[in-house]
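J.: Residue numbers (the working numbering): 506 to 623. For every residue, glycine included, the Cβ atom is placed at its ideal position computed from N, Cα and C. Before I ask anything, here is the structure I am working with.
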Amino acid sequence: QEQLLESGGGSVQAGGSLKLSCATSKYIFLNCDLAWYRQTPGKERVLVSTANRADGTTYADFVEGRFTVSRDRATNTFYLQMNRLEAEDTATYYCATLEKWPCPGHIWGQGTQVTVSS
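Put into structure tokens, the structure is as follows:
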């Protein structure tokens, strides 16, 4: 069963930076577009950024210019570099595959907590 494993969350002061990682298998990395979502308690999961297999990227308006998504083919890892963090960025961050052929399905990681103090 394919899995995604996030890491890199933590606590940081406003204005600081964190880099999230999402480790995948080579099969998933080569066949899937990947995305980062975030969720706060009581609210729906929100799309933050995507990176497709051709290295095309998209960003939500609320992170544009502050966050950078990337894919590393050497390690089959998906990253989210988060700069100029704000208290409103506090959330659980999830990486996920996008359900688009030839990806085998919509797979979620377990999530990693990011806490930004003001």
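If you draw a straight line from the C-alpha of GLU511 to the C-alpha of PRO607, how long is it?
T.: The count along the sequence shown starts at 1 and reaches residue 511 at position 6. The count along the sequence shown starts at 1 and reaches residue 607 at position 102. Between GLU511 and PRO607, the C-alpha separation is close to 22 Å.
J.: Ordered along the chain, which non-local residues of its own chain (more than five positions away) have a Cβ less than 7 Å from that of ARG589?
T.: In the sequence shown, residue 589 corresponds to position 84, counting from 1. For ARG589, where only same-chain residues beyond five positions count, the Cβ hits under 7 Å are GLY520, ARG571.
J.: Mapping DSSP to helix, strand and coil, what is ASP594?
T.: Position 89 of the sequence shown, counted from the first residue, corresponds to residue 594. Here ASP594 sits in helix by DSSP.
J.: When DSSP labels each residue in this structure, what does LYS531 get in the three-state scheme?
T.: By one-based count along the sequence shown, residue 531 stands at place 26. The answer is helix: DSSP assigns LYS531 an H, G or I state.
J.: Tell me whether the beta-carbon of VAL574 lies closer than 8 Å to the beta-carbon of ALA565.
T.: Here residue 574 refers to the residue found at position 69 of the sequence shown. Here residue 565 refers to the residue found at position 60 of the sequence shown. Not closer than 8 Å, so no.
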